[in-house]
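Just below is one structure, and these are the notes that go with it.
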Amino acid sequence: MTDKPLEGRLALVTGASRGIGAATAIALAAKGAHVVLTARTPGGLEEVEATIHAAGGSATIAPLDLAESEAIGRLATAIGDRWDALDILVLNAGMLGSLSSVPAIDPKEMAQVLTLNVSAQAAMIAAFDTMLKKSKSARVIGVTSSVGRKPRAYWGLYGASKAAFETLLGAYGDEMA
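In this text, residue positions in the sequence shown follow this note's numbering: the first is 377, and each later residue adds one.
As structure tokens, this is what we get:
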């Protein structure tokens, strides 16, 4: 058994400049995957890329804001021009928004949270669907939250966005089964 079970595989991790996304990208690279790192923060992406390279891994950075729908299409085209298949898609990028009572949710902030946490995730799945289907064993991993399944006071906006995201992921999984 190899210590690089993901050798020759391509992974794309959103929100990869820090936290869960960075840790996930580093772990995937350590297992042999080439990892495409995306986030809005170029400096953070460069640090994660340097960490991966220092450990002998392979990574490419692609700074972008997932809230810009055209950027998702450009990213998919660029990755598709370089690689044939996408083996692992980690949808980690997200936005918490303000914790407030449901009646106090700001409509503008609600639109921003739903755009990033739901619409952008659906757009990523759509943009990379063809590449995922070319993989022999594609995986789509969504980073979500328990508040998407169990409502909690003052977490209504974030919880609603994560519930919608989980439903999208579950439906896509059923469609691909």
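Idealized CB from N, CA, C, for every residue including glycine.
- For the 8 Å CB-CB criterion, L467 and I428 do not form a contact.
- H410 is bridged by DSSP to L386 and S434.
- Approximately 6 Å separates the beta-carbon atoms of P381 and K407; this is inside 8 Å, confirming the contact.
- Under a 10 Å Cβ-count criterion, G524 is classified as buried, with 16 or more other Cβ atoms of the shown protein chains found around its own Cβ.
- If the five residues before and after R416 are omitted, its C-beta is found closer than 6 Å to the C-beta atoms of D441, all from its own chain and listed in chain order.
- Burial check for S477: the Cβ neighbour count within 10 Å stays below 16, so the residue is exposed.
- Within a 10 Å sphere around the beta-carbon of E383 sit fewer than 16 other beta-carbons, which makes this residue exposed.
- Residue pairing from DSSP places S476 in a beta bridge opposite W531.
- Around G419, the same chain offers S393 as residues with beta carbons nearer than 8 Å, after the five sequence neighbours per side are excluded.
- By the Cβ-count criterion, D457 is exposed, with fewer than 16 other Cβ atoms from all chains shown falling within 10 Å of its own Cβ.
- DSSP, read as helix, strand or coil, puts R515 in strand.
- Judged by their CB atoms, L544 and Q488 are not nearer to each other than the 8 Å cut-off.
- With a contact defined as Cβ atoms closer than 8 Å, S434 and V494 miss out at about 31 Å.
- Here DSSP, grouped into helix, strand and coil, assigns I455 to helix.
- Here DSSP, grouped into helix, strand and coil, assigns L462 to coil.
- Within 10 angstroms of the beta-carbon of L475 lie fewer than 16 other beta-carbons, which makes it exposed.
- Three or more beta-carbon pairs separated by less than 8 Å are not found between the stretch 444 to 454 and the stretch 480 to 487, which leaves the two stretches without contact.
- As the crow flies, the alpha-carbon of D379 is around 25 Å from that of L421.
- For L404, the three-state secondary structure derived from DSSP is helix.
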